[in-house]
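Student: Provided herewith is a single structure, encoded as structure tokens, for subsequent inquiry.
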């Protein structure tokens with residue numbers, strides 16, 4: 008019986024994306040340990056990593072990190088291809104779409120905090136669309152929008168401030184980083 012080994016050629020960028028996705032996944036695991044007062048209300052700590060990657064390496068790398076986190080997290084928690092997976096995926100896809108557009112806004116007025124808020128609202132909008140279109144097609148879902156919008160605003164602001172703080176510290180520690 009012979010064994011075949013498959014060797015994949017990887018680049019330094021591949022390794023970097025994997026490391027950033029692992030950090031985001033670690034924050035997702037940490038977040039899962041935090042009790043939530045309402046189902047579906049989470050701080051979105053992994054989005055801090057996505058924002059930092061977006062600022063440092065661009066949208067393509069941020070998209071890889073975000074989507075790897077969604078897929079790896081669903082496999083880790085055992086909810087791959089469940090409604091929870093599709094809720095997470097739809098939120099991530101819509102927030103990535105919004106970030107793709109918003110990253111071209113003038114950085115003088117739009118920074119990590121505003122991008123984080125946009126992404127948080129897009130994430131909730133993507134999830135609410137899936138809930139309404141697939142899981143609970145009832146107009147009563149609209150009553151939850153103010154609650155989820157308020158949490159998106161709060162957590163989007165906090166995560167954006169954390170990302171901005173990290174990026175500011177990074178610039179003072181490593182002045183060659185843009």
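Residue numbers (my numbering): 8 to 185. Ideal placement from N, C-alpha and C gives every residue a C-beta, glycine not left out. Every value quoted in this text rests on a predicted model; they were computed, and no experiment measured them.
Does DSSP put residue 110 in a helix, in a strand, or in coil?
Tutor: Locating residue 110 in the chain shown gives position 103, where the first residue counts as 1. Coil at residue 110, not helix or strand.
Student: Can you have a look at residue 31 and say buried or exposed, based on whether 16 or more other CB atoms are within 10 angstroms of its CB?
Tutor: As a working mapping, residue 31 is identified with position 24 in the chain shown. When all chains shown are included, residue 31 counts as buried.
Student: Which complete beta strand (DSSP E) runs does the segment 110 to 179 hold, if anything under 3 residues is left out?
Tutor: Listed in chain order, the beta strand (DSSP E) runs fully inside the segment 110 to 179 amount to none, counting runs of at least 3 residues.
Student: Which runs of the alpha helix (DSSP H) spanning at least 4 residues fall entirely within the segment 12 to 53, listed in chain order?
Tutor: 19 to 39
Student: Does the count of Cβ pairs from the segment 22 to 42 and the segment 71 to 89 closer than 8 Å reach three?
Tutor: yes
Student: As a quick exercise: from 109, 155 and 90, pick the residue whose alpha carbon is nearest that of residue 45.
Tutor: Your numbering for residue 45 matches position 38 in the chain shown. Considering only alpha carbons, the answer is 155.
Student: Whole angstroms are fine: how far does the CA of residue 162 sit from the CA of residue 114?
Tutor: Numbered from 1 along the chain shown, position 107 holds the residue referred to as residue 114. Numbered from 1 along the chain shown, position 155 holds the residue referred to as residue 162. Between residue 114 and residue 162, the C-alpha separation is close to 21 Å.
Student: What residue range is occupied by the uninterrupted alpha helix (DSSP H) comprising residue 80?
Tutor: Translated into the one-based positions of the chain shown, residue 80 becomes position 73. Here the alpha helix (DSSP H) through residue 80 covers 66 to 84.
Student: Is the Cβ-Cβ distance between residue 149 and residue 125 less than 8 Å?
Tutor: Here residue 149 is taken as the residue at index 142 of the chain shown, counted from 1. Here residue 125 is taken as the residue at index 118 of the chain shown, counted from 1. Taking 8 Å as the cut-off, the beta carbon of residue 149 is found no closer than this to the beta carbon of residue 125.
Student: DSSP state of residue 93, grouped into three classes?
Tutor: Mapped onto the chain shown, residue 93 falls at position 86. It is helical.
Student: CB residue 176 to CB residue 54, shorter than 8 Å?
Tutor: As a working mapping, residue 176 is identified with position 169 in the chain shown. As a working mapping, residue 54 is identified with position 47 in the chain shown. No. Outside cutoff.
Student: Can residue 171 and residue 128 be called in contact, C-beta distance under 8 Å?
Tutor: Position 164 of the chain shown holds residue 171. Position 121 of the chain shown holds residue 128. Against a cut-off of 8 Å, the Cβ pair of residue 128 and residue 171 comes out as no contact.
Student: State yes or no: is the C-beta of residue 168 within less than 8 Å of the C-beta of residue 132?
Tutor: Working through the chain shown from its first residue, we reach residue 168 at position 161. Working through the chain shown from its first residue, we reach residue 132 at position 125. No.
Student: Would DSSP call residue 10 helix, strand or coil?
Tutor: Residue mapping note: residue 10 aligns to position 3 of the chain shown, counting from 1. Three-state DSSP puts residue 10 in coil, outside helix and strand.
Student: Measure the alpha-carbon distance for residue 180 versus residue 174 and round it to whole angstroms.
Tutor: Residue mapping note: residue 180 aligns to position 173 of the chain shown, counting from 1. Residue mapping note: residue 174 aligns to position 167 of the chain shown, counting from 1. Residue confidence is low: residue 180 scores 48 on pLDDT, short of 50, so the model does not pin down where it sits. No coordinate-derived value is stated.
Student: If you reduce the DSSP assignment to three classes, tell me which class residue 58 lands in.
Tutor: Residue numbering aside, residue 58 sits at position 51 when the chain shown is read from its first letter. In this structure, residue 58 counts as helix in the three-state DSSP scheme.
Student: Could you pull out every residue in the same chain whose Cβ sits closer than 6 Å to the Cβ of residue 116, ignoring the five residues on either side in sequence?
Tutor: In the chain shown, counting from the first residue as 1, residue 116 sits at position 109. Around residue 116: no qualifying Cβ.
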